[in-house]
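First up is the structure itself, then whatever we jot down about it.
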Amino acid sequence: MNIPLAHPHLSEATSRFLAGKHQAFIGGKWVDAVSGKTFETFDPGSGRVIAKVAECDAADVDKAVAAARAAFESGPWSRATGSERARMMWKLAELIEQNAAELSELEALNNGKPVPNVRSFDLMLSCESLRYTAGWATKITGETIALSSAPKMHAFTVKEPIGVVGQIIPWNSPIMMACWKLAPVLATGCTAVLKPAEQTPLTALRLGQLIQEAGIPDGVVNIVPGFGPTAGAAIAAHPDVDKVAFTGSGEVGRLIIQAATGNLKKVSLELGGKSPVIVFPDADVDVTVPGAARAIFTNSGQVCAAGSRLYAHKRVFDRIIAGVAQEAKKIRVGHALSEGTQMGPLVSKDQLERVSGYLEQGENDGATVVTGGGRIGNEGYFIEPTILTDTRPQMSVIREEIFGPVLCAMRFDDDDLDAIAKEANRTMYGLAGSVWTRDLGIAHQMVRKIRAGTVGVNVHSSIDPALPFGGFKQSGWGREKGRDVIDLYTEVKSVVMAL
Ligand code: NAP
Ligand code: MG
1 MNIPLAHPHL SEATSRFLAG KHQAFIGGKW VDAVSGKTFE TFDPGSGRVI AKVAECDAAD
61 VDKAVAAARA AFESGPWSRA TGSERARMMW KLAELIEQNA AELSELEALN NGKPVPNVRS
121 FDLMLSCESL RYTAGWATKI TGETIALSSA PKMHAFTVKE PIGVVGQIIP WNSPIMMACW
181 KLAPVLATGC TAVLKPAEQT PLTALRLGQL IQEAGIPDGV VNIVPGFGPT AGAAIAAHPD
241 VDKVAFTGSG EVGRLIIQAA TGNLKKVSLE LGGKSPVIVF PDADVDVTVP GAARAIFTNS
301 GQVCAAGSRL YAHKRVFDRI IAGVAQEAKK IRVGHALSEG TQMGPLVSKD QLERVSGYLE
361 QGENDGATVV TGGGRIGNEG YFIEPTILTD TRPQMSVIRE EIFGPVLCAM RFDDDDLDAI
421 AKEANRTMYG LAGSVWTRDL GIAHQMVRKI RAGTVGVNVH SSIDPALPFG GFKQSGWGRE
481 KGRDVIDLYT EVKSVVMAL
């Protein structure tokens, strides 16, 4: 495990950005918060402050919503064709690629994920989200409807942009999440007020600059860094916001729903998970072991769809656990900017305390630590990749989302698929799950029995812009990505014409 004490050299572009002012982006202008306040943002690999950022609140949200409304209703955006919007989206993706070195350093520094991971995963998916969804911009169509009881009518539907959308996002994949959220806004002709997470505002602000450079008109995208209970709550409650799209915890998801009742704005939610990884005795161990390790340790376990509960049949349990433990020990944990780092720190001191609290609770409840189990060093927020066994359904480590690199494993000795599925489904969440087997019959049956939005067979949840993503049960409302996301950002208008 290598944890460097000094920051490696940052590129000139990144240093220049960090040294600049970090203002809100409203109506195409970079502005201080109305209150004049700023907040500090940190490098979780060292705990040091790296920048100060405008702290927006309700007054700034008001301005941003007004700018978004104006851009939606008048000006060049309201007249842009799908083809024009798609071209701007492709341009933005191109600019992200051109600035990949800087964006990946900024993300690594502010979020803690290693530079190569930002490039190969976050930035790749940022660009692909924009490009894939741009394809829909020219394919938003209604239907011609044959009325069932009125033959002398011509009826059809059109899909229209929903309007001003408030978007509130978390810190686990900051720029990817911003692009994932903004892509359908741009494709459908909506406008947005986006609040990045307080922990990770920097890449969203750099993205704002690229949005300008891509020629996206003023006011189409507004970015208001700030805190959840102030800026976030103001977006969720705003009477002139038509829809709010949220990704984060269920706890805040509930607050968003309550806040939305004022003007009954539409709500879509992408919440957490506690996704099962189910290993059958015939599984290919060489595929399953690295797959199960990736499912939990990617991004230090800070992934909503992480495979955090492992169920393995007693005939393979020991081999799988030994294999995943070996993978865990091999992971090079270190500063996100250090050469060779595979896993960075957790995003914040809060998150370190939260994950450490779960580990302590798990051990108190009788879980056994197979590997890991503790903090690494005392600078930055590093935690060891951890595996717990002897976990039982009542324990908090099994019931609650830890959002850290902690795998909780359980053994099953049943061959009854319904009984296995019942255990796997014994959670309030339903975001993802995976089944590891070479038996097609088992695979297909289990796919249907798992109550989750994404199910993998011999792979854990794969994120792709073309594939609908979202949750059953308390993992969310609605499906983002794919064709489905267009429905989340459009209203259907039925038109009837008397002939
Ligand atoms: P969170 O509190 O739900 O934060 C998500 C976003 O909501 C942030 O932008 C946050 O602002 C904002 N927010 C907070 N309170 C709000 C309010 N009253 N009204 C409107 N917006 C509000 O999540 P977190 O605190 O960052 O993490 C807590 C736990 O949530 C994690 O440990 C994990 O279990 C879960 N989580 C899930 C996902 C996911 O992808 N599903 C992502 C992140 C976290 P601030 O930045 O100021 O908090
Ligand atoms: Mg929070």
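Our numbering numbers the first residue of the sequence shown as 1 and each following residue consecutively.
We treat Cβ as the ideally placed atom computed from N, Cα and C, and that holds for glycine.
Note that the structure is a prediction, hence the values are computed from the model and not measured.
- A distance below 8 Å separates the beta carbons of residue 271 and residue 476.
- Comparing C-alpha distances from residue 182 to each of 429, 492, 494, 480 shows the shortest one belongs to 480.
- If you check the C-beta of residue 272 against ligand 2, you find no heavy atom less than 7 Å away.
- Between ligand 1 and the CB of residue 168, the shortest heavy atom gap is smaller than 7 Å.
- When DSSP states are grouped into helix, strand and coil, residue 311 belongs to the strand group.
- Residue 378 counts as exposed, since fewer than 16 other beta carbons sit within 10 angstroms of its beta carbon.
- Residue pairing by DSSP puts residue 54 in a beta bridge opposite 38.
- Cβ-Cβ distances below 7 Å link residue 170 to 177, 197, 247, 248 in the same chain, with the five nearest sequence neighbours on each side left out; the list follows chain order.
- For residue 26, the enclosing beta strand (DSSP E) covers residues 24-26.
- Counting other Cβ atoms within 10 Å of its Cβ, residue 262 stays below 16 and is therefore classed as exposed.
- If you keep only unbroken alpha helix (DSSP H) runs of at least 4 residues inside the stretch 90-118, you get 100-111.
- A distance below 8 Å between beta-carbons, with the five flanking residues on each side excluded, links residue 439 to the following residues of its chain, in chain order: 280, 282.
- Within 7 Å of the C-beta of residue 253 there is not a single heavy atom belonging to ligand 2.
- Excluding its 5 nearest sequence neighbours in each direction, residue 119 has C-beta neighbours in its own chain below 7 Å: 100, 104, listed in chain order.
- Sixteen is the threshold: since fewer than 16 other Cβ atoms of the shown chains lie within 10 Å of the Cβ of residue 496, the residue is exposed.
- At a threshold of 7 Å, residue 228 counts as near ligand 2, since its beta carbon sits closer than that to one of the ligand's heavy atoms.
- Excluding sequence positions up to five before and after residue 214, its CB lies within less than 7 Å of the CB of 88, 91, 92, 95, all in the same chain and listed in chain order.
- Here residue 409 is not near residue 488, since their CB atoms are 8 Å or more apart.
- Annotation: residue 212 to residue 218 spans about 8 Å, alpha carbon to alpha carbon.
- If the five residues before and after residue 85 are omitted, its C-beta is found closer than 7 Å to the C-beta atoms of 137, 186, 187, 189, all from its own chain and listed in chain order.
- Contact holds between the stretch 226-241 and the stretch 159-174, because three or more Cβ pairs, one in each stretch, are under 8 Å apart.
- No residue range can be given for residue 472, since it is assigned to no alpha helix (DSSP H) and is classified by DSSP as neither H nor E.
- Collapsing the DSSP output to three states places residue 368 in a strand.
- Beyond the five residues adjoining it in sequence on each side, residue 260 comes within less than 7 Å, by CB distance, of 236, 244, 267 in the same chain, given in chain order.
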